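See structure below.
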Amino acid sequence: MVHGCGNRTLKFLFFTANLLTCAFGALLFGISLWAYHDENFLQKLEKVQEIHKEYSPELTQHQIGLWLLIIIGASIFLVGFLGCCGAICESTKLLVLFSIIVLILAILEVASIVLIIAGKDQFKNALYNLLSKTGESEDEMQHFKPIEDLFQCCGPTNETMIRYIENGLCEDELRNKVRFLFS
């Protein structure tokens, strides 16, 4: 049993922080699971895979990304739950397990950041190549129209902008207000 006002406050803050972590993990887990099992989302992904058969490995990575989000959400929920139970029950074993898992997650986070920084140029080049090929057919251009309207741009790259204007997919005001993703 915790004695003293400071210790009780610390216990309450630790419990609250872990409760919020647990809630965030449950939310991430639930939304990711819903997106994975949503028929509408899967149909759109399959439709894009039919149009871009050469990009099938990249689109498969989106499905893998959803599985990763499901796993990450469940892990965050578990860590938050262990922290909540450890704080309320004042269980040394649960708090040690919680600390070990948080340490492992911190190490994985640092490793992920290093990998992201190392692969930034490769990702940027792959994205540029993908976006450059979107202007090859009018059907592909139609898929980018909502994105253009949202970002108020005309074509994903400098090279595709001319094709978008020629096909009448850029409104007059957007032609004057073109923003380029890659310069």
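So the sequence shown is residues 332 to 514, counted in the numbering used here.
Backbone N, C-alpha and C fix where the C-beta goes; we use that ideal spot for every residue, glycine too.
Since the model is a prediction, treat every value here as computed from it, not as a measurement.
4-residue-minimum alpha helix (DSSP H) runs that sit fully inside the region 421-453, ordered along the chain: 423-449
Span separating the alpha-carbon of residue 469 from that of residue 498: Counting from 1 along the sequence shown, the entry for residue 469 is found at position 138. Counting from 1 along the sequence shown, the entry for residue 498 is found at position 167. Each residue's alpha carbon lies about 8 angstroms from the other.
Assuming residue 336 is part of the alpha helix (DSSP H), what are its boundary residues? Against the sequence shown, residue 336 aligns to sequence position 5. It spans 336-368 - the alpha helix (DSSP H) in which residue 336 sits, taken as one unbroken run.
According to DSSP, simplified to helix, strand and coil, what is residue 509? Here residue 509 refers to the residue found at position 178 when the sequence shown is read from its first residue. For residue 509, the predicted structure reports a pLDDT of 47, less than 50, and the residue's modelled location is therefore unreliable. A value from the coordinates is still provided. It is coil, neither helix nor strand.
What's the C-alpha gap between residue 500 and residue 395? Locating residue 500 in the sequence shown gives position 169, where the first residue counts as 1. Locating residue 395 in the sequence shown gives position 64, where the first residue counts as 1. Cα-Cα distance, rounded: 33 angstroms.
Length of the line joining the Cα atoms of residue 407 and residue 356: Your numbering for residue 407 matches position 76 in the sequence shown. Your numbering for residue 356 matches position 25 in the sequence shown. Those two C-alpha atoms are separated by around 5 angstroms.
Using the Cβ count rule (16 or more neighbours within 10 Å means buried), how would you classify residue 410? To locate residue 410, count along the sequence shown from 1; it is residue 79. It counts as buried.
Give me, in chain order, the residues of the same chain whose beta-carbon lies closer than 7 angstroms to that of residue 363; leave out the 5 immediate sequence neighbours on both sides. As a first step, residue 363 must be located in the sequence shown, where it is residue number 32. Within the same chain, Cβ atoms closer than 7 angstroms to the Cβ of residue 363 are found at 397, 400, 401 and 404, the five residues on either side in sequence being excluded.
Taking the straight line between their C-alpha atoms, what separation do you get for residue 343 and residue 351? The residue you call residue 343 lines up with position 12 of the sequence shown. The residue you call residue 351 lines up with position 20 of the sequence shown. Distance between the alpha carbons of residue 343 and residue 351: 12 angstroms.
Give the single residue among 439, 444 and 341 whose Cα lies nearest to the Cα of residue 414. Counted from its first residue, the sequence shown places residue 414 at position 83. It is 341 whose Cα lies nearest to the Cα of residue 414.
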